[in-house]
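*Asks:* Protein sequences, first through last, are from chains A and B.
The opening position of the first sequence corresponds to residue 1 in the numbering used here, with each subsequent residue numbered one higher.
The opening position of the second sequence corresponds to residue 1001 in the numbering used here, with each subsequent residue numbered one higher.
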Amino acid sequence: DTGVSQDPRHKITKRGQNVTFRCDPISEHNRLYWYRQTLGQGPEFLTYFQNEAQLEKSRLLSDRFSAERPKGSFSTLEIQRTEQGDSAMYLCASSNSVNTGELFFGEGSRLTVL
Amino acid sequence: GDSVTQMEGPVTLSEEAFLTINCTYTATGYPSLFWYVQYPGEGLQLLLKATKADDKGSNKGFEATYRKETTSFHLEKGSVQVSDSAVYFCALISNGNQFYFGTGTSLTVIP
């Protein structure tokens, strides 16, 4: 399968711990997005990469959040000192620059902060 | 700023009923408009799109027309099936590279 994959699918952690999520986009896609989705809401934009460059960050992305895409392939999203309000589904999506109208989403990584 | 407002759910319909899910938008510039669908246990996937005014997007029997005068992109299907049960998200992309999504409308189709 060559779709977008995310790992882990579910993470339960205690408040104050650090967590890291990984996203492997579709191999030929140069754009990668992170979104956050809470219950009953649509996906909220967090950040966006074109190749290895992080081109845009939402104001939602506090300094406890950091994302990288070191070689322009997979990406990681780290949350430091987690808070209960960080509990959400973290979605990764990729696209290519030729057809920016279609995002290909992974199934998401669900974070539960106790 | 850019935003999307869509009809709140949940929506429950009988099989073969007509479906409309309303979506209106606010955008600077000339947005492209989308409907994404999320089936149970799956990731979001593109259902249809329209890139300019008066364009009609269509797929799997669903249609939506980009109406600039009413800033709307309502989703319609003439005869829904049980397999259409899912959450539907209206979305737009405007001048930047951010997609803005609505809150989603849950549809359940009963046989």
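Built from N, CA and C at the ideal position, the CB exists for glycine as well.
Since the structure is predicted, the reported quantities are computational estimates derived from the model, not experimental observations.
If you run the structure through DSSP and keep just helix, strand and coil, what is S62 of chain A?
*Replies:* If DSSP states are grouped into helix, strand and coil, S62 of chain A belongs with coil.
*Asks:* Please name the residues in the region 1040 to 1056 of chain B whose beta-carbon is closer than 9 Å to at least one beta-carbon of chain A, in chain order.
*Replies:* Answer set for the region 1040 to 1056 of chain B: G1041, E1042, G1043, L1044, Q1045, L1046, K1049, T1051.
*Asks:* At 8 Å on the CB atoms, spell out the chain A contacts of S1032 of chain B, in chain order.
*Replies:* Under the 8 Å cutoff, chain A gives G101.
*Asks:* For T1070 of chain B, tell me which candidate among B:K1060, B:N1022, B:F1089 has the shortest Cα-Cα distance.
*Replies:* Of the listed residues, the one whose Cα sits closest to T1070 of chain B is B:N1022.
*Asks:* Going by DSSP, what residue range makes up the beta strand (DSSP E) through D7 of chain A?
*Replies:* From DSSP, the beta strand (DSSP E) with D7 of chain A extends over 5 to 7.
*Asks:* Let me see if you follow: with CB-CB separation under 8 Å, is G16 of chain A close to chain B or not?
*Replies:* G16 of chain A does not count as touching chain B.
*Asks:* Assuming Q37 of chain A is part of the beta strand (DSSP E), what are its boundary residues?
*Replies:* Looking at the DSSP string, the run of the beta strand (DSSP E) that includes Q37 of chain A is 31 to 37.
*Asks:* For a contact meaning CB atoms closer than 8 Å, what does L60 of chain A contact in chain B?
*Replies:* Within chain B, no residue comes near L60 of chain A; the closest Cβ sits about 11 Å away, beyond 8 Å.
*Asks:* Can you tell which of A:L77, A:S66, A:L46, A:A67 has the C-alpha that lies nearest to the C-alpha of L60 of chain A?
*Replies:* It is A:L46.
*Asks:* Looking only at its own chain, which residues have a Cβ that is under 7 Å from the Cβ of S27 of chain A, when we skip the five neighbours before and after it?
*Replies:* Excluding residues within five positions, the ones whose Cβ falls inside 7 Å are T2.
*Asks:* Which one of A:F49, A:D63, A:D24 has the shortest CA to CA distance from R81 of chain A?
*Replies:* Among A:F49, A:D63, A:D24, the Cα nearest to that of R81 of chain A is on A:D63.
*Asks:* Contact between the region 1045 to 1060 of chain B and the region 70 to 87 of chain A is defined here as three or more beta-carbon pairs at a separation below 8 Å; is this criterion met?
*Replies:* No: the two stretches stay apart, fewer than three of their Cβ pairs being nearer than 8 Å.
*Asks:* Distance check for V113 of chain A and R15 of chain A, CA to CA, integer angstroms please.
*Replies:* Cα to Cα, the separation comes out at about 6 Å.
*Asks:* Is the CB of F1062 of chain B under 8 Å away from at least one CB in chain A?
*Replies:* Chain A, which has no Cβ nearer than 8 Å to the Cβ of F1062 of chain B, makes this no.
*Asks:* To which residues of the same chain is Y1100 of chain B closer than 7 Å at the C-beta, ignoring the five residues directly before and after it?
*Replies:* The residues are D1002, S1003, V1004, A1091, L1092.
*Asks:* Where does S1058 of chain B sit, in a helix, a strand or coil, going by DSSP?
*Replies:* Strand at S1058 of chain B.
*Asks:* Just how far apart, CA to CA, sit M1007 of chain B and G1104 of chain B?
*Replies:* Approximately 8 Å, taken between the alpha carbons.
*Asks:* Examine chain A for any beta-carbon lying closer than 8 Å to the beta-carbon of G1104 of chain B, and answer yes or no.
*Replies:* Closer than 8 Å to some Cβ of chain A, the Cβ of G1104 of chain B qualifies, so yes.
*Asks:* Considering only residues of the same chain and omitting the five flanking positions on each side of S87 of chain A, which have a CB-CB separation below 7 Å?
*Replies:* Around S87 of chain A: L111, T112, V113.
*Asks:* Below 6 Å CB to CB, which residues in the same chain sit around G72 of chain A once its five sequence neighbours on both sides are set aside?
*Replies:* Contacts found: N51, E52.
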